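*Asks:*
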Amino acid sequence: MTTAFIIPARNEEQVIGKMLRFILAIYDKYINQIIVVDDGSSDKTAEIIEKIYKSDKRVFLIKKKSPHGVGLAIREGLKYVSPDCEYVFLLDADFIRNIPDLEDFFIKIKDYDGLIGSRYLEKNSLVHYPTLKKIFNRLFHLCVRVFLGINRSDLTNNFKFYRRKIFNSITLTARDYAVNAETGLYPILKGFKIGEIPVTWYARSRNMGSSKFKMLQVTPGYLKVLLHASLMSKSPGSGFLRAFQKLIK
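Residue 25 in UniProt numbering sits at position 25 of the sequence shown; the count goes up by one each step and never skips.
1) To the nearest angstrom, report how far apart Leu61 and Val199 are at their CA atoms.
2) Under the three-state reduction of DSSP, which class applies to Ser238: helix, strand or coil?
3) Excluding the five sequence neighbours on either side, which residues of its own chain have a C-beta within less than 8 Å of the C-beta of Lys64, listed in chain order?
4) Within 10 angstroms of the Cβ of Leu20, are there 16 or more other Cβ atoms? Answer buried if so, exposed if not.
5) For Val146, collect the residues of the same chain with a Cβ closer than 6 Å to its Cβ; drop the 5 residues on either side in sequence, then sort them by chain order.
6) So what's Asn32 in DSSP terms, helix, strand or just coil?
7) Can you say whether Ile6 is buried or exposed, counting buried as having 16 or more other CB atoms within 10 angstroms of its CB?
8) Is DSSP giving Ser118 helix, strand or coil here?
9) What does the alpha-carbon distance come out to for the pair Ile31 and Ala4?
10) Does the Cβ of Gly209 have 16 or more other Cβ atoms within 10 Å, making it buried, or fewer, making it exposed?
11) Assuming Ile116 contacts Asp154 (C-beta within less than 8 Å), just tell me the rounded distance between them.
12) Between Ser235 and Gly149, how many whole angstroms is the CB-CB distance? I'm expecting something under 8 Å.
13) Note down the Cα distance separating Leu121 from Arg152, rounded to an integer number of angstroms.
14) When you compare the CB positions of Phe22 and Ile109, do they come within less than 9 Å of one another, or not?
15) By DSSP, does Gly209 sit in helix, in strand, or in coil?
16) Among residues of its own chain, excluding the 5 on either side of Ile52, which ones have a beta-carbon nearer than 6 Å to its beta-carbon?
17) Could you name the residues that DSSP lists as bridge partners for Ile6?
18) Smallest Cα separation from Pro187: which of Arg163, Phe136 and Cys85?
19) Which residues in the same chain have their Cβ closer than 6 Å to the Cβ of Gly221, if we skip the five residues on either side of it in sequence?
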């Protein structure tokens, strides 16, 4: 089961080294590549990755030039996935405490084309999750159920383990965090079998740096993804979104 990990990173010097070492130590047998896309860091993120590369050539760094954005970083990383890789694992750089959860993905993927780590399948899985972000997330998923007929609990988590062929079948256009909605919605609309596995979300501690997610900035991108998804959907509710899209053009 050959896997390429793609990890976008920007100013993650406090976590990226531990993240990479944990993955290498625990999941060595699955790893073909660990592609870290440095999205314009001004700290020692790149230096730390290059040091790890010296001891393990499966880890390599892509220094993403401007323009920046997590969507652009993920799209850049996908360009470097080896044809030898059967699977692609998308992860955030601060998922250190979730590393033990990855084993479930490797075990259960045989029954699916892809798996998403869901923060909402089990109670108490959100540790100090910001209230406004939770409201935004639930409203987005409500729209997905009503207008697209897709019933999933956490499409937007960048915790995804997919067969590589999925990324060959979808087109990602989002520059920012809306890419997480694209990678969640588009495979399902293309007919791939996507399941969910419960994971826990932990707020960043002070020694882990700060989150780059800005809700007001990403809202238009998520709306755009919904509108585009309506063009792919055969759900009765998607007609409303298509009509709305024509109205605002």
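Every residue gets a Cβ at the ideal spot worked out from N, C-alpha and C, and that includes glycine. On a predicted model such as this, the values are computed, not experimentally measured, just so you know.
*Replies:* The answer reads as follows:
1) Position 61 of the sequence shown, counted from the first residue, corresponds to residue 61. Position 199 of the sequence shown, counted from the first residue, corresponds to residue 199. Approximately 27 Å, taken between the alpha carbons.
2) What you label residue 238 is simply residue 238 of the sequence shown in a count that begins at 1. Ser238: helix per DSSP, three-state reduction.
3) Numbered from its first residue, the sequence shown carries residue 64 at position 64. Val37, Asp38, Asp39, Gly40, Leu72, Ala73 and Glu76, listed in sequence order.
4) If you number the sequence shown from 1, residue 20 lands on position 20. Its Cβ being crowded by 16 or more others within 10 Å, Leu20 is buried.
5) By one-based count along the sequence shown, residue 146 stands at place 146. The beta carbon of Val146 sits closer than 6 Å to the beta carbons of Gly237 from its chain, once the five residues preceding and following it are set aside; these are given in chain order.
6) Translated into the one-based positions of the sequence shown, residue 32 becomes position 32. Note: Asn32 maps to strand in three-state DSSP.
7) One-based indexing of the sequence shown puts residue 6 at position 6. Result: buried.
8) Here residue 118 is taken as the residue at index 118 of the sequence shown, counted from 1. The answer is strand: DSSP assigns Ser118 an E or B state.
9) Here residue 31 is taken as the residue at index 31 of the sequence shown, counted from 1. Here residue 4 is taken as the residue at index 4 of the sequence shown, counted from 1. Their Cα atoms are separated by approximately 6 Å.
10) Stepping through the sequence shown from its first residue, residue 209 is reached at position 209. Confidence in Gly209 is poor, its pLDDT being 46 and thus under 50, which makes the residue's placement unreliable; the coordinate value appears in the next sentence. The residue is buried, with at least 16 neighbouring Cβ atoms inside 10 Å.
11) Locating residue 116 in the sequence shown gives position 116, where the first residue counts as 1. Locating residue 154 in the sequence shown gives position 154, where the first residue counts as 1. With 8 Å as the limit, Ile116 and Asp154 qualify as a contact, their Cβ atoms being about 6 Å apart.
12) Sequence index remark: in the sequence shown, residue 235 carries index 235 (1-based). Sequence index remark: in the sequence shown, residue 149 carries index 149 (1-based). Rounded, the Cβ-Cβ distance is 3 Å, consistent with contact.
13) Walking along the sequence shown from the start, residue 121 turns up at place 121. Walking along the sequence shown from the start, residue 152 turns up at place 152. C-alpha separation (whole angstroms): 9 Å.
14) Stepping through the sequence shown from its first residue, residue 22 is reached at position 22. Stepping through the sequence shown from its first residue, residue 109 is reached at position 109. No; because the gap between Cβ atoms is not below 9 Å, this pair is not in contact.
15) The residue you call residue 209 lines up with position 209 of the sequence shown. The predicted position of Gly209 is uncertain, since its pLDDT is 46 and thus under 50; a value taken from the coordinates is nonetheless stated next. In the structure shown, Gly209 sits in coil (DSSP, three-state: anything other than H, G, I, E or B).
16) Start at 1 with the first residue of the sequence shown, and residue 52 comes out as number 52. Taking C-beta separations shorter than 6 Å and ignoring five residues to either side along the sequence, the partners of Ile52 in its chain run Leu20 and Val59, following chain order.
17) The residue you call residue 6 lines up with position 6 of the sequence shown. DSSP output for Ile6 lists Ile35 and Leu90 as bridge partner(s).
18) Here residue 187 is taken as the residue at index 187 of the sequence shown, counted from 1. Here the closest residue by C-alpha is Arg163.
19) Start at 1 with the first residue of the sequence shown, and residue 221 comes out as number 221. Cβ within range, chain order: Ala174, Asp176 and Ala178.
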